[in-house]
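Residue numbers (this note's numbering), protein chains in the order written: chain A, 4 to 381; chain B, 8 to 572. C-beta: ideal position from N, C-alpha, C; glycine also.
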Ligand code: HEM
Ligand code: FES
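Here you go:
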């Protein structure tokens, strides 16, 4: 069906359809006809041209007439609403500029429900948010109320082209391939394949210098015979008296601050930390070495053997140490074995004693590597 | 043709025409526009999910670019002296200090950080829900399998981008996340230690990783995402969007609104809505307040710390896994880490990627599908989907088992055990229940078509009997309900052909036929057009008969009749 030149026909199809001569008003008799159908009565449309170009409405589609299609006042009201949204957006942008100039970045404001929050963030965010949102809201309101809401239909063609096209395309591919000679010259083909297969290797090889070869760093920490045990944070050397029965203290080796500065890394911090706990000697059911405690003070690695979180939650009553990451639980009264959660290996124990001045010291490094699984461990 | 456009020519008009002409001569614009300006896009709320993903990604790019101007990807130690008083004088990495700077000293910096983070969360959420929409409606079927594969890659990349970004500020939480990642890497058999030493330029944490992660986060992953999104959208455009069944909608047409003006206004407007909403949320709701966590220290941790939501399922899997570690020839195989952190996600994503091909193989369906399935009509697929979703949700919930434990005062031990059992049994229960619900809905649809809908009007027949008047369902409704077709499962292959020769590939074809029988087994027979016609004329007949014979009962009788009903 081709578009007709009858103007009433076109506007009848034009519940907001494209009509170049349209002034936005609708013919009075057409309008009367549409009014009879209004009240959101569905109108089943015949396949009639809606616009002069492009896709047309599908036959038999149901369509609901909108107030704005038939009542110019409703349409003008919608137009006003959209313009107000756009206008408010512009105002919000101006508001943003003012807030940017007036409010310092670190200003605070107390709000009910939201609590203390950054005044600058609040003002900038609300103004910018509204400025952006209102453009979107206006555009969608415009589309819903004032643009045609008649659904159009377009043909879909199967993905697979017809035989003719296929034969033509395939023929060209085959001919082109034959012309290259790649099928007839196996030597060419094979050497090209070999060359291409090798080419990615440099890209892989060059990744080698991303890092050094492991040289047993994961098996060593700073701990050594006679090295003092410092309280974490204060870095004061600890005496046995500083740790009452039932207590847990986080500790690091003496010199860790200096090592951190020298190397510029936190690597030692990720391995060496220990927890010290003290229990009545008769409560210790087992430990990893004879006499590794000092008067009931036990030192265990603080690094979880699961995937390496620092462990910090100690339950004095059960003598269990709980990892906050995945809740592996270790029994410090029983050699630090895991009793719950995903960790499979015990926490390495550090043998400790006191030096001549009465400060707690290590008796050497850990006997086994700390932290998560290492493939090369025996 | 009368509808030639001859508006009054003003300077703007002439300028526009000249520009168009200029471009047309050089780009052949008209040929391109002719077929695309009024391209039809079907409309449905669920089609906006992909759009939300797209727009969140654009917002992420815009705000992220701003952040790069101020963020310093370096772990060099400095002493903080910015505006945030509680951390003044504390040694920290430049990365952390610059993030504090963005939050407290750059005007609008906190806003950009928060929009960036919220948009990233929305991005992953929208992709996930979009994927479920595509799954449950069968939009992945031929010819859209490639777009499904691109989609799965996008999902994985989005998770990667999120994790990398979360790790950049070098605060206590992000550092702990990296520590876990390094531990997971280290547990990989044979190459684990080497991988860590290459990635971190030595031991964890070293100084190289944050700058490297930065490149991955701002260049590599977004570049890939951008390229894949482009391909994704080109395919959507080229293959045309699917549509839900309905009156006038067939497998060979697209019904909806034209690109210009409606779709441009709606989709373009929707970008501003998404951006605006993200900005408003960021104005009001703090996300990732890194200043509260303090700088990263490998021997410190806060209890109850939670990763971003999309890592939750991995976290839950890690927490749930029993402490299994094997020793093989003296070498440790850490199943407790490998299974939940690498094998499980690997399997999940492989299965998701292969799903369209598995389903096509089982059903033997080789047709093109442009009409979407209503989920009930593909009962087995829907049940499988809910099964997978249940598995995911159990893992996700277990990711917060410590929060649940403290909130409800339960023991972590019993929660973990309950979740382990639920992880095994829950999905099966979900499958059975979902399938039943789908079949129930299929039955109801059939009844509606064959017996009409209840009008709520009661008539009394001369015999004194009360009947409720039924009416055929509307044409629109019928078009939707009739969209399902009966599919015959693949037949069992004969063991031998007519000449007694053994059928080739017998075993393979048998398995497939069994699976196909299982797939369609319980489906309620679809209503055929002939059945529908007969049923409708029957209903109309009854209606007419009842109306001619029956009378509307008086009020008291009516209420009695209704109460008996
Ligand atoms: C970066 C992430 C993604 C973006 C930005 C994105 C964007 C979009 C958009 C805008 C559409 C058209 C509108 C719609 O149907 O929602 C679409 C369609 C589609 N998407 Fe995605 N998507 C993403 C991820 C995914 C994922 C994870 C999957 C599945 C694994 C997927 C599979 C599909 C398919 C099959 C279609 C065609 C649907 C149809 O025609 O009905 N996408 N995508
Ligand atoms: S790191 Fe301690 S339980 Fe996972």
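When secondary structure is reduced to three states using DSSP, residue 32/B falls in the helix class.
Within the region 238-258 of chain B, the residues whose Cβ lies closer than 8 angstroms to any Cβ of chain A are, in chain order, 246, 247, 254, 255, 256, 258. Ligand 2 has no heavy atom closer than 7 angstroms to the beta-carbon of residue 445/B.
Separation of residue 80/B and residue 101/B (C-alpha to C-alpha, rounded to the nearest whole angstrom) is 7 angstroms.
Of the residues 314/A, 264/A, 167/A, the one whose Cα lies closest to the Cα of residue 254/A is 314/A. Under a 10 Å Cβ-count criterion, residue 338/A is classified as buried, with 16 or more other Cβ atoms of the shown protein chains found around its own Cβ.
The C-beta of residue 273/B comes closer than 8 angstroms to at least one C-beta of chain A. Under DSSP, residue 260/B shares a beta bridge with 158/A. In terms of beta-carbon proximity, residue 372/B stays away from the interface with chain A, with every pair separated by 8 angstroms or more. Of the candidates 456/B, 518/B, 248/B, 351/B, the residue whose Cα lies closest to the Cα of residue 544/B is 456/B.
Taking 8 angstroms as the cut-off, the Cβ atoms of residue 323/A and residue 309/A do not count as close.
Taking non-hydrogen atoms of ligand 2 into account, the C-beta of residue 311/A is found less than 7 angstroms away from one of them. The C-beta of residue 534/B has 16 or more other C-beta atoms within 10 Å across all chains shown, which makes the residue buried.
Note: residue 152/B is not bridge-paired with any residue in the DSSP secondary-structure output.
In this structure, the C-beta of residue 331/A approaches ligand 2 to less than 7 angstroms from one of its heavy atoms. The three-state secondary structure of residue 55/B, taken from DSSP, is helix. Going by DSSP, residue 101/A is part of no beta strand (DSSP E) but of the alpha helix (DSSP H) stretching over 75-105. Assignment of residue 101/B by DSSP, reduced to helix, strand and coil, places it in the helix class. Buried is the label assigned to residue 276/B, since at least 16 other Cβ atoms lie within 10 Å of its Cβ.
Residue 277/A and residue 308/B have their C-alpha atoms some 14 angstroms from each other. In this structure, residue 466/B sits near residue 476/B, with a CB-CB distance shorter than 8 angstroms.
Positions of the alpha helix (DSSP H) runs, each at least 4 residues long and wholly inside the region 259-335 of chain B, are given as 271-291, 297-300, 319-327 in order along the chain. The Cβ of residue 343/B sits closer than 8 angstroms to at least one Cβ of chain A. Contact annotation, residue 166/B with residue 338/B: C-beta distance approximately 30 angstroms; criterion of less than 8 angstroms not satisfied.
In the pairwise beta carbon analysis, the region 332-346 of chain A is classified as not touching the region 200-216 of chain A: fewer than three pairs are separated by under 8 angstroms. Taken from the Cβ of residue 344/A, at least one heavy atom of ligand 2 lies inside 7 angstroms. Taking C-beta atoms under 8 angstroms as the contact rule, residue 121/A and residue 131/A fail to qualify, at a distance of about 14 angstroms. The shortest CA-to-CA distance from residue 64/A to any of 262/B, 521/B, 493/B is the one to 262/B. Against chain B, a Cβ distance below 7 angstroms from residue 305/A picks out 306. Closer than 8 angstroms at the C-beta level to chain A, one finds these residues of the region 415-431 of chain B: 419, 420, 423. A Cβ-Cβ separation of about 37 angstroms leaves residue 343/B out of contact with residue 239/B under the 8 angstroms criterion.
Look at residue 139/B here: in three-state DSSP terms it is helix. In summary, no residue of the region 516-544 of chain B has a CB separated from any CB of chain A by less than 7 angstroms. Counting along the chain, the unbroken beta strand (DSSP E) around residue 339/B starts and ends at 338-340. Within the region 155-196 of chain A, complete beta strand (DSSP E) segments of at least 3 residues are found at 155-158, given in chain order.
Annotation for residue 480/B: no alpha helix (DSSP H) segment contains it, and DSSP assigns it neither H nor E.
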